[in-house]
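Since the structure comes first, as structure tokens, the remarks are kept for the end.
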Amino acid sequence: MRGVVFPGNSVIGFVDLPDPTPGPGEVVVEIKASGMCGSDLNLYRAAPGSKRHPKLPPPTEPIIAGHEPCGVVAAVGSGVTANEARVGDRVMVHHYWGCSVCEHCRAGWAQMCSREVPAVYGISAHGAHAPYMTVPARTLVPLPEELSFEAGSAISCGMGTSYGALMRVRPSGRDTVAIYGQGPVGLAATQLAAAMGARVIALDISEERLRRAGELGADVIVNPAVESSVEAILQHTKGRGADYALETSGAVSARAEAIAAVRPWGAVVLVAGVTALQVENVSTITSRQLTIMGSWTFSNVGQAECAQFVVDHGIPVDELFSHRWRLDQAEEAYQLFARQTDGKGVFLFG
Numbered sequence: 005m006r007g008v009v010f011p012g013n014s015v016i017g018f019v020d021l022p023d024p025t026p027g028p029g030e031v032v033v034e035i036k037a038s039g040m041c042g043s044d045l046n047l048y049r050a051a052p053g054s055k056r057h058p059k060l061p062p063p064t065e066p067i068i069a070g071h072e073p074c075g076v077v078a079a080v081g082s083g084v085t086a087n088e089a090r091v092g093d094r095v096m097v098h099h100y101w102g103c104s105v106c107e108h109c110r111a112g113w114a115q116m117c118s119r120e121v122p123a124v125y126g127i128s129a130h131g132a133h134a135p136y137m138t139v140p141a142r143t144l145v146p147l148p149e150e151l152s153f154e155a156g157s158a159i160s161c162g163m164g165t166s167y168g169a170l171m172r173v174r175p176s177g178r179d180t181v182a183i184y185g186q187g188p189v190g191l192a193a194t195q196l197a198a199a200m201g202a203r204v205i206a207l208d209i210s211e212e213r214l215r216r217a218g219e220l221g222a223d224v225i226v227n228p229a230v231e232s233s234v235e236a237i238l239q240h241t242k243g244r245g246a247d248y249a250l251e252t253s254g255a256v257s258a259r260a261e262a263i264a265a266v267r268p269w270g271a272v273v274l275v276a277g278v279t280a281l282q283v284e285n286v287s288t289i290t291s292r293q294l295t296i297m298g299s300w301t302f303s304n305v306g307q308a309e310c311a312q313f314v315v316d317h318g319i320p321v322d323e324l325f326s327h328r329w330r331l332d333q334a335e336e337a338y339q340l341f342a343r344q345t346d347g348k349g350v351f352l353f354g
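Heads up: the sequence shown is residues 5 to 354, going by our numbering.
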């Protein structure tokens, strides 16, 4: 099989590997859709030979990219029970795997494994930008029949991440949610928050992304490059401020603006990036009794809950995708995606 790799310096490479066979406790997933995530761009743009994971040395062999897998079980290894996986099952993959026995792994949060450095598929272990992928059977999350493989790939990271962040604050029809950044994660958050009944203020510096946010359920759109985001949010909330803000852009300035734009007793959820958090004075948080929290992707339980929420509320997840690609178009796909001005991309197989 042929898979996409990231050699670095915004270059796309391909590797040819034998079709995989499952080991004990493993399955082979025939990939039907593999989404493109904003965090892929960190690896795509990185210097050649740089570390892909903060706790692991640089890989000695190319690693197939793609951490939004969705497809069909093609083969099962020894020890895999029928309750865990059967050939033909439609599945997503929770793209982390740890020790499987610590408190975090047992709760479905393998990325927080306390005993070993977890595998991150598409980053430190082979991912889904290839026709097949081998993973432990316990990473599988059922894909509801009502959802397309494309939708499943979005839920496998971008939309699942948005759902996890929103579940930290659980907005309702009484609330206004400001979502900073309308890339793939922010657009998914806009869809989900609107389905939860919240009034959504979508913010981005890309007019194209703001247009898409309006189509996907935002009540108000704001371009911080054109007007003050804090003043705009205060204006649209009659001076009160947003109840909650999600920061999905990774921009240091957006985090500071999100903190300034929420009401007293409000909450800010930090979703994106590894850049700094800067405030002029911590009293802007303490004197207004704000809650600042982090949200890192989602558990495998949360992934399944997100999929069911999408089904129950009829959310048109497929509309997140602005571009659909074949694997041999990967170079063009990532060149376009790296501009970060449009919607989400996905590779389709078969």
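Each residue gets a CB set at the ideal place from its N, CA and C atoms; glycine is no exception.
Just so it is clear, the structure is predicted and the values come from calculations on it, not from any experiment.
Checklist entry - Which word fits Pro-73, buried or exposed, when buried means at least 16 other C-beta atoms lie within 10 angstroms of its C-beta? => result Residue mapping note: residue 73 aligns to position 69 of the sequence shown, counting from 1. Classification of Pro-73: buried, given that the 10 Å Cβ count is 16 or more.
Item to check | Integer Cβ distance of Val-91 from Val-33, believed to fall under 8 Å | outcome: Counting from 1 along the sequence shown, the entry for residue 91 is found at position 87. Counting from 1 along the sequence shown, the entry for residue 33 is found at position 29. Not confirmed; about 11 Å, so no contact.
Next on the checklist: Can you determine whether any heavy atom of the ligand MG sits closer than 7 Å to the C-beta of Gly-27, and answer yes or no?
Outcome noted: No copy of the ligand MG appears in this structure; indeed no ligand is present at all.
Checklist entry - Out of curiosity, what's the CA-to-CA distance linking Ser-152 and Met-40? => result Locating residue 152 in the sequence shown gives position 148, counting from the first residue. Locating residue 40 in the sequence shown gives position 36, counting from the first residue. Per the coordinates, the alpha-carbon of Ser-152 lies some 16 Å from the alpha-carbon of Met-40.
Checklist entry - Among residues of its own chain, excluding the 5 on either side of Leu-144, which ones have a beta-carbon nearer than 6 Å to its beta-carbon? => result The residue labelled residue 144 in the question sits at position 140 within the sequence shown. If we look at Leu-144 and ignore the five residues flanking it on each side, its Cβ neighbours are Ala-89 and Val-95.
Next on the checklist: Rounded to the nearest angstrom, what separates Leu-279 and Thr-85 at their Cα positions?
Outcome noted: Your numbering for residue 279 matches position 275 in the sequence shown. Your numbering for residue 85 matches position 81 in the sequence shown. It should be pointed out that residue 279 corresponds to Thr in this sequence rather than to Leu. About 43 Å.
Item to check | Exposure label - Arg-174; buried when at least 16 CB within 10 Å | outcome: Taking the sequence shown and counting its residues from 1, one reaches residue 174 at position 170. Exposed, since its Cβ has fewer than 16 Cβ neighbours within 10 Å.
Next on the checklist: Using DSSP's beta-bridge definition, name the partner residues of Ile-68.
Outcome noted: As a first step, residue 68 must be located in the sequence shown, where it is residue number 64. Answer by DSSP bridge pairing, in chain order: Val-9.
Checklist entry - So, is Asn-87 buried or exposed, given that buried needs 16 or more other C-beta atoms within 10 angstroms? => result In the sequence shown, counting from the first residue as 1, residue 87 sits at position 83. When all chains shown are included, Asn-87 counts as exposed.
Checklist entry - For Lys-348, which residues does DSSP report across the bridge? => result Taking the first residue of the sequence shown as position 1, residue 348 is located at position 344. DSSP, once it has assigned bridges, lists Phe-325 as partnering Lys-348.
Checklist entry - Buried or exposed: where does Pro-140 fall if 16 or more other Cβ atoms within 10 Å of its Cβ makes it buried? => result Here residue 140 corresponds to residue number 136 of the sequence shown, with the count starting at 1. Buried, since its Cβ has 16 or more Cβ neighbours within 10 Å.
Next on the checklist: With the cut-off set at 8 Å, would you say Leu-324 and Phe-351 are in Cβ contact?
Outcome noted: Taking the first residue of the sequence shown as position 1, residue 324 is located at position 320. Taking the first residue of the sequence shown as position 1, residue 351 is located at position 347. No, Cβ-Cβ distance for Leu-324 and Phe-351 is not below 8 Å.
Next on the checklist: Comparing C-alpha positions only, which one of Ile-183, Ala-202 and Leu-196 sits nearest to Ile-209?
Outcome noted: Position 205 of the sequence shown, counted from the first residue, corresponds to residue 209. It is Ile-183 whose Cα lies nearest to the Cα of Ile-209.
Checklist entry - Going by alpha carbons, who is nearest to Gly-243 out of Glu-251, Ser-233 and Gly-162? => result Residue mapping note: residue 243 aligns to position 239 of the sequence shown, counting from 1. Nearest of Glu-251, Ser-233 and Gly-162 to Gly-243, Cα basis: Ser-233.
Checklist entry - DSSP on Pro-188, reduced to helix/strand/coil? => result Taking the first residue of the sequence shown as 1, we reach residue 188 at position 184. DSSP places Pro-188 in helix when its eight states are reduced to three.
Item to check | 8 Å Cβ shell around Gln-293 - same chain, five flanking residues per side excluded | outcome: Within the sequence shown, numbered from 1, the residue matching residue 293 stands at position 289. Only Pro-268 and Trp-269 meet the Cβ criterion.
Item to check | 3-residue-minimum beta strand (DSSP E) runs that sit fully inside the stretch 118 to 186, ordered along the chain | outcome: 136 to 140, 144 to 146 and 180 to 184
Checklist entry - Which partner residues does Asp-20 have in the DSSP bridge list? => result The residue you call residue 20 lines up with position 16 of the sequence shown. Per DSSP, Arg-6.
Item to check | Reference Ala-69; option with closest CA among Arg-56, Val-77 and Ala-79 | outcome: Position 65 of the sequence shown holds residue 69. Residue Arg-56 is the option with its Cα nearest to Ala-69.
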